[in-house]
């Protein structure tokens with residue numbers, strides 16, 4: 010039986026002026042698509058293709074709730090979230106490899122879903 014994982018992620022542009030939050034079931038593929046401008050729209054228009062934050066979930070509905078929660082955050086709160094795991098805002102996607110581990114599924118969050 011295949012185990013599914015779902016990812017809520019945040020991308021930025023090279024100047025860190027734009028933040029984009031999304032979800033996917035294949036983070037490597039999705040980052041490749043963003044980097045190669047295969048996804049038309051917001052991320053293509055604003056050159057948002059640097060993966061700077063992600064979380065892993067077992068269920069798509071929980072990933073969607075988290076995406077909506079993060080999208081509702083102020084920029085200050087999003088920056089604090091990113092800085093908590095990636096203070097240098099390093100692009101975590103490099104040649105198809107994720108650079109640092111995501112937030113563990115079992116880790117307790119201060120801003121967890123209600």
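Numbering (the numbering used here), first residue to last: 10 to 123. For each residue, glycine too, the CB sits at the ideal point set by N, CA and C.
When only Cα atoms are considered, residue 27 and residue 13 end up about 29 angstroms apart. Residue pairing from DSSP places residue 21 in a beta bridge opposite 28, 59. Counting every other CB atom within 10 Å of its CB across the protein chains shown gives residue 19 a total of 16 or more, marking it as buried. Secondary structure of residue 99 (DSSP, three-state): coil. With respect to residue 90, residue 63 sits apart: the two C-beta atoms are not nearer than 9 angstroms. Cβ neighbours of residue 80 within its own chain (closer than 6 angstroms, five residues either side excluded): 30. As a beta-bridge residue in DSSP terms, residue 15 pairs with 66. Around the beta carbon of residue 15, 16 or more other beta carbons sit within 10 angstroms, so the residue counts as buried. Note that the C-beta distance between residue 59 and residue 98 is below 9 angstroms. Between the alpha carbons of residue 17 and residue 100 lies a gap of roughly 16 angstroms. Sixteen is the threshold: when 16 or more other Cβ atoms of the shown chains lie within 10 Å of the Cβ of residue 102, as they do, the residue is buried.
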